[in-house]
Structure formats: structure tokens, C-alpha cells
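In short: position in the sequence shown from 1, add 3, done, that's the working numbering. Just so it is clear, CB atoms sit at the ideal spot from N, CA and C, and this is done for glycine as well.
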Amino acid sequence: LSAKLFIDSDQLNKAKQTADDILKSTIKVESSATREIINEMNEIVTKSLTEKTHRHTEKKTIKPQ
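This is the structure we're talking about:
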């Protein structure tokens, strides 16, 4: 899957966009493979949102010197 390749090459925005596109597409054949792909894409989107929130929180944290 291209979304996984984007993650491996540290291109998280592209990975999330690809996962979103896959999740929005119509399922033509229902199978265990399509369910597995959907689950993996949901994990990528969820992980992407979690990391974005975590990074946003880190930027706001003021560390004492």
C-alpha cells in the first residue's frame, strides 16, 4: 500500500491523505482483505491525528531553563 510506503519514508501528510482517499472510495468486493485494508487505513488516520495533536501540545509546552 502506498500509504504505508509514505509512512516508511516519513511523509505522514501524504500517508494520511492516501488513507483518507482509500477510506472514501467505494468498496467493489467485500472480503477479509478489504476489511484489513480499511482497518489499516483507519489506524493510519487515527495515528496521524494523534501525532498531530501531540506535536501541537508539545509546541505549547514551555520548558523551564
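Next item on the list: Have a look at residue 19 and residue 34 and give me their C-alpha separation to the nearest angstrom.
Entry: 23 Å
Check: DSSP three-state call for residue 13: helix, strand or coil?
Finding: In this structure, residue 13 counts as coil in the three-state DSSP scheme.
Margin query: Distance check for residue 30 and residue 50, CA to CA, integer angstroms please.
Written below: 23 Å
Next item on the list: Pick helix, strand or coil for residue 6, following the three-state DSSP scheme.
Entry: helix
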